[in-house]
Amino acid sequence: MTIEYYGGCDIGSTTGKAVIISDSGIVGSSIVPREIDPEKTAVLALEQALKTIPGISSIKDLSFLIGTGYGRSEISFAGENISEISCHAMGVYFCDRSIKTIVDIGGQDVKGISINDDGTVKEFAMNDKCAAGTGRFFEAMARIFRMDISAFSDLSLNAKNLIPVTAQCSVFAETEVISLLAGKNPPENIAAGVQSAVAKRCFMLLKRVGIIPKVTMTGGCAKNRGLIKAMEKTLNEKIEPLSVDPQIIGALGAAVYAKMRG
Amino acid sequence: MGKPSLKDTAITSGYKMLNLMEMAKMSIKHGPFDMIRDIRRYPWLLDFAKVNRLVTKLSIGRRGNYRRAVGMMLNGVVKEMINYIEGIFHRQDKLVLHEDMVPPEILRAMGLSPWMPELLGIILPMIVPDSMEEYIDAAENEGVPPDLCSLPKAVIGITVKDRLPQAKAVITSNLPCDGGMSSYIYVEKKIKAPIFRLDIPHNFKDERAEIYFAGELKRMISWLEDHTPGRIDWDRLKEICEERNRMSEYELQLWEMISARPAPLAAEAVYISHLWYFNVCSGLKSSTQVFRRLVKLAEDNLKNGIAAVPDEKYRALLWNPPTMHVIDLFAVAEERYGVTCIMDSMSFNRLPFIDTSSRESMLQGIGRNIMNGPMARHTRGPMENYFDDIFHIIKRFDIDMLWMAGHIGCKNTQALNNIMREKCRTAGVPVLIIDYDLSDTRITSRQGILSQVDHFMENVMKAKRII
């Protein structure tokens, strides 16, 4: 019997993600840096995901492919494209049906999503006008601390106190953090202030869609352990860990939709 | 929806021609030299002259009677706007500037020529989306806070740039908001004409408030008689109120018909009609005539089983003033998703009629209309004023979803957004809150507004794009 494979490809602002599923679940996945051409990013991501699957070598071998993310409309070889909001909801639903609320922090936007019982979107709210609180913001912060992003993510876990930082604007927050560092304040306490400020912004966004437990985080920033701790404190809710890499949830949701279409 | 038929093209071309003829007549009547002088004095006249762009925008995708209704309604707007402009040219000795919550019916009954300073900020962005931005910038350069509503900011900018006509008097009120009130400080300083401020009671749902407001209107009348050549003609006021009542009767008939699913007319044909004819030129025979024709067009469509939007899939309630600089929002939404705008907060009212049996009852009726107008009752008092209307309209007009034009400058309504979300969530009504600014395209662009619609329709309504 031939195995049917279904693909989802999420072209975000900083990375491209691909997930391949079959009846047995996730069989391949990848995360690649974004190229200028979204279609090229999609090809690279899909080819890398396919490499690990025996018996399938080409994108053409997929029974159905769905594109999502900002670059979704540029993936000409996809059978369909679906909004990343719907895909994140479906991806989370695939992982854990008891989760009802998502905060998705991508490279250039933040979304709050509430999920229906069938994995579709109930409501959503998004901030795509301001960099504060997005992946780009954390990258900028890590640069100021002269750390890579993963070291910065863990920095606040050692904080004894929290130094409040205004994250209303990423430019002003940068200035503020530079001043605080220059003032010889403990970096971990400043980092805790940064994480807390972002968590508060996410909280405001989630309030708009309603915070119904269980809550989870998706997107690249869901790997930021300092942020998860700050979010749990701000929401007074546990952030449920997912069984798969939270960064590929959008692509996973697209693959699940592809399976439904195929 | 395909290309429009030859007949549809002819309908739009015909109305465009009529609009051009109206403008040509105005220019000839005024004389070419005076016209050039006044265009230099009031450069916004050039933006108004592009009104046929609005006709094009609002005709795209519309067919038959729906298209005719839009063209006819806009032609009426053009005619009355020209009459308004002629007040600046030829009746300046009788010109009175009045804020948008001050009843123009009384000014007309006094033989005065009304000019609403807010009017340019409402109508011009519909025609030229960025037309108010130079005035908004001028206001901010004067020190006006940037987060003030862009409509009063536009009024302030127009005033400080000396683009308001000189008037004999200015009438303003304590409605609808602090921003609106503050703009008249600039008008007062610049125009240097005597100013009268109507005190409209906050608690408006009782007879005491009506009596008080009627007293304020009497005080306004006698003040105007002291400061302008205007004299109240009570018989004329009665005629105006009766004419307004006739227009209200037609509007109620129209509402009855658009309650049907699918609706025979929709969107701007319904809501711009109310916005303009009830707020700017109510009580004129020509205004009633427009509503009479709208009713006829809707009746014909109903009789022949023709829907305004052939593929009506979703019925929307528009809340807050419409997205002025993307005024074709629903023309786009109709084509993309079959979304039909049935009713809006600026049109809906429950007390349309004025009792004309006595002078007192007329003033009380006019006052009641103002106090219960959307920008009054929705921005003051308990939140029930706001939400009772929303859920009443949803039920009465068989509405599927609420589109809130979330004008960033309106603090009063922004404050209610989260409560609105929660109430609609409980009631199972999907809500789209469009983040935008009423008349500043730089806050949220056209593309930004339309992508919010796309996200909502795709993710929440699970709608497929038709085109």
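Same order as they appear, the protein sequences are chains A and B. Counting from -12, one number per residue, gives the positions in the first sequence under our numbering. Counting from 1137, one number per residue, gives the positions in the second sequence under our numbering. Backbone N, C-alpha and C fix where the C-beta goes; we use that ideal spot for every residue, glycine too.
- Burial is judged here by how many other beta carbons sit within 10 angstroms of a residue's own beta carbon; B:E1343 has fewer than 16 and is exposed.
- Among the residues of the stretch 71 to 92 of chain A, those with a Cβ less than 7 Å away from any Cβ of chain B are I72 and S73, in the order of the chain.
- The C-beta of B:V1475 has 16 or more other C-beta atoms within 10 Å across all chains shown, which makes the residue buried.
- Rounded to whole angstroms, the gap between the alpha carbons of A:S44 and A:A242 is 17 Å.
- Closer than 7 Å at the C-beta level to chain A, one finds these residues of the stretch 1582 to 1597 of chain B: H1591, E1594, N1595 and V1596.
- With a threshold of 8 Å between beta carbons, B:R1601 makes no contact with chain A.
- For B:N1554, the chain A residues whose Cβ falls inside 8 Å of its Cβ are K194 and R195, in order along the chain.
- Assignment of B:H1338 by DSSP, reduced to helix, strand and coil, places it in the coil class.
- Two segments are said to touch when three or more pairs of C-beta atoms, one from each, lie closer than 8 Å; by this definition the stretch 1529 to 1549 of chain B touches the stretch 1273 to 1287 of chain B.
- When C-alpha distances from A:S60 are compared across A:T28, A:G42 and A:K38, the shortest belongs to A:T28.
- In terms of Cβ geometry, A:C(-4) and A:A238 form a close pair [threshold 8 Å].
- Within the same chain, Cβ atoms closer than 7 Å to the Cβ of B:V1431 are found at Y1386, Q1389 and L1390, the five residues on either side in sequence being excluded.
- The stretch 190 to 205 of chain A makes no contact with the stretch 148 to 165 of chain A; the number of CB pairs closer than 8 Å stays below 3.
- Neighbours of A:T221 across chain B, judged by C-beta separation under 8 Å, do not exist; the nearest C-beta is about 17 Å away.
- Counting only runs of 4 or more residues that sit fully inside the stretch 1225 to 1270 of chain B, the alpha helix (DSSP H) segments are 1240 to 1245 and 1254 to 1263, in chain order.
- Along the stretch 1554 to 1569 of chain B, going in chain order, the ones with a CB nearer than 9 Å to a CB of chain A are N1554, R1557, E1558, R1561, P1566, V1567 and I1569.
- Rounded to the nearest whole angstrom, the C-alpha separation of B:Y1322 and B:T1145 is 45 Å.
- A:E110: member of the beta strand (DSSP E) spanning V108 to N114, first to last residue.
- For the stretch 1517 to 1579 of chain B, the continuous alpha helix (DSSP H) assignments of 4+ residues that do not extend past its boundaries occur at 1520 to 1532, 1547 to 1550 and 1553 to 1563, in sequence order.
- Between B:Y1178 and the set B:N1188, B:G1293 and B:V1238, the nearest pair of CA atoms involves B:G1293.
- Where A:G(-5) is concerned, there is no enclosing alpha helix (DSSP H), although the beta strand (DSSP E) around it starts and stops at Y(-7) to I(-2).
- Interface with chain B (8 Å Cβ-Cβ cutoff): A:V108 is included.
- DSSP, read as helix, strand or coil, puts B:N1595 in helix.
- Sequence-distant partners of A:M218 (beyond 5 residues in either direction) whose C-beta falls short of 6 Å from its own C-beta, in its chain, are A186 and I226.
- Rounded to whole angstroms, the separation of the alpha carbons of A:A160 and A:I131 is 11 Å.
- Only T107, V108, E110 and F111 from the stretch 97 to 128 of chain A bring a Cβ to less than 7 Å from some Cβ of chain B.
- In the structure shown, A:T205 adopts extended strand secondary structure according to DSSP, grouped into three states.
- Runs of the beta strand (DSSP E) lying entirely within the stretch 51 to 129 of chain A and spanning at least 3 residues, in chain order: 51 to 55, 88 to 92, 97 to 102 and 108 to 114.
- For B:A1551 and B:M1537, the gap between their C-alpha atoms comes out near 20 Å.
- Contact between the stretch 1143 to 1157 of chain B and the stretch 97 to 110 of chain A is not established, with fewer than three Cβ pairs separated by less than 8 Å.
- The three-state secondary structure of A:E227, taken from DSSP, is strand.
- Annotated three-state conformation of B:Y1407 is helix, per DSSP.
- For B:R1367, there is no enclosing beta strand (DSSP E), as DSSP marks it with neither H nor E.
- With at least 16 other beta carbons inside 10 angstroms of its own, A:E175 counts as buried.
- In the three-state reduction of the DSSP assignment, B:K1600 falls in the coil class, being assigned neither a helical nor a strand state.
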